[in-house]
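Engineer:
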Amino acid sequence: MDVNLSIDEQEMWERRKQRLETLIGANPSQQQHDPARRSQNMDPLLYLAAKEGDVDKFIKALEDHCAREGVSLPVTLEQLSPSGNTLLHVVAGTDDILRALIDFVPDHLISRENSSGETPLHIAARAGKAGKAGAVELLFSRANPRVCDISRNSPLHEAVRNRHYDVIRQLTSKDPYLLFLVNREGKTPGGVAVETGDLNVLKLLLEVLLAVLPEVSPEVSPEAPVWSETGFVGITGLCVHHKMIKFLLDLDMLTEMWNKMPVLLLLIDEEKRNPLHLAAYTNYLDGVKFMIEKLPLSALKQDREGYLPIHVACEMDHVRIVEELQQLWPDPTEFRDGRGENILHVSVRYGCISTVRYILKSPQFAHLINARNIHFKTPLHLVTLHWQPSVLLLLARDGRVDLKMVDADNMTALDVAEEGIEEIDAPLRKRLTRIILASAGTPRSRELVIIERSSQSLKRKRKPPALDRLKEERDTRMLVATLVAGMTFASSIQVPGGYNSSDRDAGIAILLHKAMYNVFVMCNCIAMYSSIIALVILLWTQIDDPYVLQDALSKSRLTLLVALAAMLLAFMAGVYVSVTKLAWLAIVVLVLGSVALFIILSFYLLLYIPLGSKHPLVRRFTDLIIVVGISMSGSSRTANGDAGLSRIRAKSMPVGPLHELPPFRFG
Numbered sequence: 001m002d003v004n005l006s007i008d009e010q011e012m013w014e015r016r017k018q019r020l021e022t023l024i025g026a027n028p029s030q031q032q033h034d035p036a037r038r039s040q041n042m043d044p045l046l047y048l049a050a051k052e053g054d055v056d057k058f059i060k061a062l063e064d065h066c067a068r069e070g071v072s073l074p075v076t077l078e079q080l081s082p083s084g085n086t087l088l089h090v091v092a093g094t095d096d097i098l099r100a101l102i103d104f105v106p107d108h109l110i111s112r113e114n115s116s117g118e119t120p121l122h123i124a125a126r127a128g129k130a131g132k133a134g135a136v137e138l139l140f141s142r143a144n145p146r147v148c149d150i151s152r153n154s155p156l157h158e159a160v161r162n163r164h165y166d167v168i169r170q171l172t173s174k175d176p177y178l179l180f181l182v183n184r185e186g187k188t189p190g191g192v193a194v195e196t197g198d199l200n201v202l203k204l205l206l207e208v209l210l211a212v213l214p215e216v217s218p219e220v221s222p223e224a225p226v227w228s229e230t231g232f233v234g235i236t237g238l239c240v241h242h243k244m245i246k247f248l249l250d251l252d253m254l255t256e257m258w259n260k261m262p263v264l265l266l267l268i269d270e271e272k273r274n275p276l277h278l279a280a281y282t283n284y285l286d287g288v289k290f291m292i293e294k295l296p297l298s299a300l301k302q303d304r305e306g307y308l309p310i311h312v313a314c315e316m317d318h319v320r321i322v323e324e325l326q327q328l329w330p331d332p333t334e335f336r337d338g339r340g341e342n343i344l345h346v347s348v349r350y351g352c353i354s355t356v357r358y359i360l361k362s363p364q365f366a367h368l369i370n371a372r373n374i375h376f377k378t379p380l381h382l383v384t385l386h387w388q389p390s391v392l393l394l395l396a397r398d399g400r401v402d403l404k405m406v407d408a409d410n411m412t413a414l415d416v417a418e419e420g421i422e423e424i425d426a427p428l429r430k431r432l433t434r435i436i437l438a439s440a441g442t443p444r445s446r447e448l449v450i451i452e453r454s455s456q457s458l459k460r461k462r463k464p465p466a467l468d469r470l471k472e473e474r475d476t477r478m479l480v481a482t483l484v485a486g487m488t489f490a491s492s493i494q495v496p497g498g499y500n501s502s503d504r505d506a507g508i509a510i511l512l513h514k515a516m517y518n519v520f521v522m523c524n525c526i527a528m529y530s531s532i533i534a535l536v537i538l539l540w541t542q543i544d545d546p547y548v549l550q551d552a553l554s555k556s557r558l559t560l561l562v563a564l565a566a567m568l569l570a571f572m573a574g575v576y577v578s579v580t581k582l583a584w585l586a587i588v589v590l591v592l593g594s595v596a597l598f599i600i601l602s603f604y605l606l607l608y609i610p611l612g613s614k615h616p617l618v619r620r621f622t623d624l625i626i627v628v629g630i631s632m633s634g635s636s637r638t639a640n641g642d643a644g645l646s647r648i649r650a651k652s653m654p655v656g657p658l659h660e661l662p663p664f665r666f667g
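According to full-length UniProt numbering, the sequence shown is numbered sequentially starting from 1.
(1) Give the straight-line distance between the Cα atoms of residue 595 and residue 523, rounded to the nearest whole angstrom.
(2) DSSP on residue 41, reduced to helix/strand/coil?
(3) Between which two residues does the alpha helix (DSSP H) carrying residue 56 extend?
(4) From which residue to which residue does the alpha helix (DSSP H) around residue 131 run?
(5) Under the rule that 16 or more other beta-carbon atoms within 10 Å means buried, what is residue 366, buried or exposed?
(6) Would residue 118 be called buried (16 or more neighbouring beta carbons within 10 Å of its own) or exposed?
(7) Assign residue 387 to one of two classes, buried (16 or more other C-beta atoms within 10 Å of its C-beta) or exposed (fewer than that).
(8) DSSP three-state label for residue 403, please.
(9) Any contact of the stretch 176-196 with the stretch 135-143, i.e. 3+ C-beta pairs under 8 Å?
(10) In angstroms, rounded to a whole number, what distance separates the CA positions of residue 619 and residue 604?
(11) Using the DSSP secondary-structure output, state which residues sit across from residue 80 in a beta bridge.
(12) Can you look up residue 434 in the DSSP assignment and give me helix, strand or coil?
(13) CA-CA distance, residue 111 and residue 88?
(14) Buried or exposed: where does residue 297 fall if 16 or more other Cβ atoms within 10 Å of its Cβ makes it buried?
(15) Indicate the three-state DSSP secondary structure (helix, strand or coil) for residue 24 in the structure shown.
(16) Exposed or buried, what is residue 616 when buried is set at 16 or more other beta-carbons lying within 10 Å of its beta-carbon?
(17) Near residue 211, which residues of its chain fall below 8 Å by C-beta distance, leaving aside the five closest residues on each side in sequence?
(18) Would you decide whether residue 312 is buried or exposed? Buried here means 16 or more other CB atoms lie within 10 Å of its CB.
(19) Alpha carbon to alpha carbon, how far is residue 484 from residue 398?
(20) Let me know if residue 342 comes out buried or exposed under the rule of 16 or more other beta-carbons within 10 Å of its beta-carbon.
(21) Leaving out five residues before and five after residue 129 in sequence, what residues of the same chain have Cβ atoms less than 7 Å from its Cβ?
(22) Would you give the residue range spanned by the alpha helix (DSSP H) that residue 376 belongs to?
(23) If you follow the alpha helix (DSSP H) that residue 323 is part of, which residue opens it and which one closes it?
(24) Give me the Cα-Cα distance between residue 571 and residue 434, rounded to the nearest whole angstrom.
(25) Residue 202: which of 174, 161, 185 and 183 sits nearest, CA to CA?
(26) Using only CA atoms, which one of 480, 432, 511 and 582 lies nearest to residue 533?
(27) Assess, as a yes-or-no matter, whether the stretch 536-545 is touched by the stretch 553-573 under the definition of 3 or more beta carbon pairs within less than 8 Å.
(28) Have a look at residue 15 and residue 69 and give me their C-alpha separation to the nearest angstrom.
(29) What do you reckon, are the CB atoms on residue 305 and residue 338 nearer than 8 Å?
(30) Tell me the residue span of the alpha helix (DSSP H) that contains residue 361.
(31) Please report the Cβ distance between residue 563 and residue 527, rounded to the nearest whole angstrom; I am assuming they are in contact, meaning their Cβ atoms lie under 8 Å.
Structure below.
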């Protein structure tokens with residue numbers, strides 16, 4: 001706003017102030033017994049007039065309100081809206097009304113907080129009311145700019161978030177300390193600037209930082225010491241915690257930071273992670289290349305738990321990042337974390353198929369395949385321990401993997417699998433893990449076998465599922481078996497084509513000499529008898545013994561499956577023999593029935609084929625079935641996350657919704 005006002009404008013402002021002054025001069029006794037002191041609710045009409053922004057209309061509404069309610073201006077200024085806003089909060093987003101009213105507002109209302117903890121200065125900064133006679137300038141001279149709302153956001157946070165450059169300049173020029181206030185999310189205004197993605201805001205804040213921190217040298221070497229998180233790291237907030245995500249997605253911001261204040265790219269967070277850790281985490285290849293070029297030694301910096309950036313890339317299955325980072329050191333065995341694990345250990349732990357495949361195909365990583373961590377566990381032990389059948393299939397079929405190696409507990413990978421399967425009805429991915437190890441020829445530890453044979457007390461009897469679950473499965477199977485028996489009995493009475501009614505062949509099926517009719521009869525009988533046998537076996541489950549129930553369910557499975565398959569064939573044969581004179585329809589019936597039978601038999605193979613066979617030809621076939629089983633079990637990278645991704649989420653802080661990245665947490 002131009003401060004060089006004309007004489008007419010000056011007179012107009014004087015008249016406005018005089019009108020407001022008359023509202024102060026109420027009878028003192030009236031002020032003492034003012035009814036408004038018993039009701040602090042703001043007049044809705046006055047609220048609307050303030051929101052409109054017309055200063056003359058607002059003053060008129062104020063005069064009408066004071067006259068109608070018999071209250072004075074000071075009392076009116078104390079009234080609150082439902083969200084705890086005073087009139088000063090409401091008019092903070094306008095310049096003219098605030099300019100007219102500011103001289104009549106007592107000091108305690110200047111920094112009064114609403115229900116969200118916001119002062120009028122927060123609202124003015126968010127609205128971008130800059131200028132020499134703007135709302136920010138008028139409020140700043142009397143307000144405490146360091147007051148934060150319930151989210152611990154300062155007025156500068158609001159100005160930065162809304163990209164109001166002039167307001168940012170005003171606030172930082174008057175109080176540079178605002179740059180270092182941290183909100184509840186751990187962000188300073190600089191961190192908020194990074195998240196906005198506005199390069200101009202970042203440049204502006206960097207200029208202010210350089211001005212208020214002259215001791216920061218614009219030149220920095222990779223060996224320069226990184227200040228502690230209680231020093232520069234804590235007060236800038238530009239690179240600490242998890243707020244580098246968005247600036248890492250913008251190469252221009254990285255370049256600007258390097259040019260203006262390169263020390264920012266050397267900072268670490270409370271977990272001792274540097275920007276390269278996060279670039280690897282977010283799969284930001286351009287950012288990784290940039291930082292490798294500028295600060296190559298940052299790739300060799302470990303976080304608090306010993307993770308290098310390459311470990312982070314392996315954990316997240318970012319192969320291209322691994323390719324870039326592994327070139328920085330000639331010997332990949334040097335890439336070890338705090339547990340003594342190499343990049344293959346980390347990859348198999350978190351089920352990263354692409355990274356594991358890349359490592360196995362690269363000759364320079366051959367000596368990592370059977371390497372041990374501090375607990376003497378090889379990658380084969382770890383992939384078994386974390387139940388990653390999809391990755392285990394890659395390792396177990398690699399001839400370089402030593403299946404006989406034991407860990408510190410003298411256990412092979414198969415021993416680890418046996419130890420981890422505690423239930424009889426274990427999850428499919430656990431059983432697949434054991435099957436893959438057995439089919440690869442993984443032996444048991446000789447020492448453990450001798451101990452188990454010599455001491456029966458050491459044998460571990462696997463626990464059956466819960467009794468309620470077994471009863472539910474029993475009830476389901478009995479219902480299915482009963483339905484099959486009923487349907488096959490009904491179809492044996494109402495046979496396709498019907499019966500002869502002549503005296504000589506009375507009661508004989510008309511289609512008796514048709515081949516497909518014979519198939520119908522045989523399959524119908526098989527389905528009937530198999531379902532009844534299954535029902536008889538399931539009668540033993542009336543005993544409330546989980547081991548008996550489990551055994552009965554196991555024995556009834558095959559007969560029930562045979563009954564279902566036979567019923568399918570009986571139906572197909574019965575329909576076929578009825579429509580055999582219409583060739584195309586008969587062919588369609590056969591094709592549909594054959595497809596259904598093939599699907600059913602494929603699932604039966606998963607249950608009964610000897611997947612543990614060591615024969616090469618059988619293994620080639622069973623590997624395909626195992627892959628199907630893996631897809632059915634959900635044993636992908638997300639399934640792995642039981643241990644891995646939950647650990648990432650454990651101590652994380654939320655990030656903005658723009659990219660919906662998972663929280664940044666390692667170790």
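Heads up, the beta-carbon is just placed ideally off N, CA and C, and yes, glycines get one too.
Structural biologist: On the basis of the coordinates in this document:
(1) Within the sequence shown, the letter at position 595 stands for residue 595. Within the sequence shown, the letter at position 523 stands for residue 523. Looking at the two C-alpha atoms, the distance is approximately 17 Å.
(2) As a working note, residue 41 is residue 41 in the sequence shown. DSSP places residue 41 within a strand segment (E or B) once states are collapsed to three.
(3) Position 56 of the sequence shown, counting from 1, holds the residue named residue 56. Judged by DSSP secondary structure, residue 56 falls within the alpha helix (DSSP H) whose first and last residues are 55-69.
(4) In the sequence shown, the residue the question calls residue 131 occupies position 131. Per DSSP, residue 131 belongs to no alpha helix (DSSP H) and is neither H nor E.
(5) As a first step, residue 366 is located in the sequence shown; it is residue number 366 there, counting from the start. Residue 366 should be labelled exposed.
(6) On the sequence shown, position 118 is the one that residue 118 refers to. Residue environment analysis places residue 118 among the buried positions, since at least 16 neighbouring C-beta atoms fall within 10 angstroms of its C-beta.
(7) Mapped onto the sequence shown, residue 387 falls at position 387. Taking all protein chains in view, the Cβ of residue 387 is crowded by 16 or more other Cβ atoms within 10 Å, so the residue is classified as buried.
(8) As a position in the sequence shown, residue 403 is number 403, starting the count at 1. In the three-state DSSP reduction, residue 403 falls in the coil class, being neither helix nor strand.
(9) Two segments are said to touch when three or more pairs of C-beta atoms, one from each, lie closer than 8 Å; by this definition the stretch 176-196 does not touch the stretch 135-143.
(10) For the purposes of this step, residue 619 is taken as residue 619 along the sequence shown, with counting starting at 1. For the purposes of this step, residue 604 is taken as residue 604 along the sequence shown, with counting starting at 1. So the alpha carbons of these two residues sit roughly 17 Å apart.
(11) For the purposes of this step, residue 80 is taken as residue 80 along the sequence shown, with counting starting at 1. Bridge partners of residue 80: 41.
(12) Here residue 434 refers to the residue found at position 434 of the sequence shown. It is helical.
(13) Here residue 111 corresponds to residue number 111 of the sequence shown, with the count starting at 1. Here residue 88 corresponds to residue number 88 of the sequence shown, with the count starting at 1. Rounded to whole angstroms, residue 111 to residue 88 spans 10 Å at the Cα level.
(14) Here residue 297 refers to the residue found at position 297 of the sequence shown. Around the beta-carbon of residue 297, fewer than 16 other beta-carbon atoms lie within 10 Å, marking it exposed.
(15) Numbered from 1 along the sequence shown, position 24 holds the residue referred to as residue 24. Residue state, collapsed to three classes: coil.
(16) Along the sequence shown, one-based indexing puts residue 616 at 616. Counting the other Cβ atoms within 10 Å of the Cβ of residue 616 gives fewer than 16, which makes it exposed.
(17) For this step, residue 211 is matched to residue 211 along the sequence shown. Counting only Cβ-Cβ distances below 8 Å, and skipping sequence neighbours, we find 176.
(18) Start at 1 with the first residue of the sequence shown, and residue 312 comes out as number 312. Buried: at least 16 other Cβ atoms inside 10 Å.
(19) Start at 1 with the first residue of the sequence shown, and residue 484 comes out as number 484. Start at 1 with the first residue of the sequence shown, and residue 398 comes out as number 398. Cα-Cα distance, rounded: 46 Å.
(20) Translated into positions along the sequence shown, residue 342 becomes position 342. By the neighbour-count rule (16 or more Cβ atoms within 10 Å), residue 342 is buried.
(21) Locating residue 129 in the sequence shown gives position 129, counting from the first residue. Around residue 129: 93, 95, 135 and 136.
(22) Within the sequence shown, residue 376 is the residue found at index 376, counting from 1. From DSSP, residue 376 is part of no alpha helix (DSSP H); its letter is neither H nor E.
(23) In the sequence shown, residue 323 corresponds to position 323, counting from 1. From DSSP, the alpha helix (DSSP H) with residue 323 extends over 319-325.
(24) Taking the first residue of the sequence shown as position 1, residue 571 is located at position 571. Taking the first residue of the sequence shown as position 1, residue 434 is located at position 434. For residue 571 and residue 434, the distance between alpha carbons rounds to 38 Å.
(25) Counted from its first residue, the sequence shown places residue 202 at position 202. Residue 161 is the option with its Cα nearest to residue 202.
(26) For the purposes of this step, residue 533 is taken as the residue at position 533 of the sequence shown. The shortest C-alpha separation from residue 533 is found at 480.
(27) Pairwise C-beta distances place the stretch 553-573 in contact with the stretch 536-545, as three or more of them are shorter than 8 Å.
(28) By 1-based counting over the sequence shown, the position of residue 15 is 15. By 1-based counting over the sequence shown, the position of residue 69 is 69. The alpha-carbon atoms of residue 15 and residue 69 are separated by roughly 23 Å.
(29) Here residue 305 refers to the residue found at position 305 when the sequence shown is read from its first residue. Here residue 338 refers to the residue found at position 338 when the sequence shown is read from its first residue. Residue 305 places its beta carbon less than 8 Å from that of residue 338.
(30) Locating residue 361 in the sequence shown gives position 361, counting from the first residue. Where residue 361 is concerned, the enclosing alpha helix (DSSP H) stretches over 353-361.
(31) Here residue 563 is taken as the residue at index 563 of the sequence shown, counted from 1. Here residue 527 is taken as the residue at index 527 of the sequence shown, counted from 1. Right, their Cβ atoms sit about 5 Å apart.
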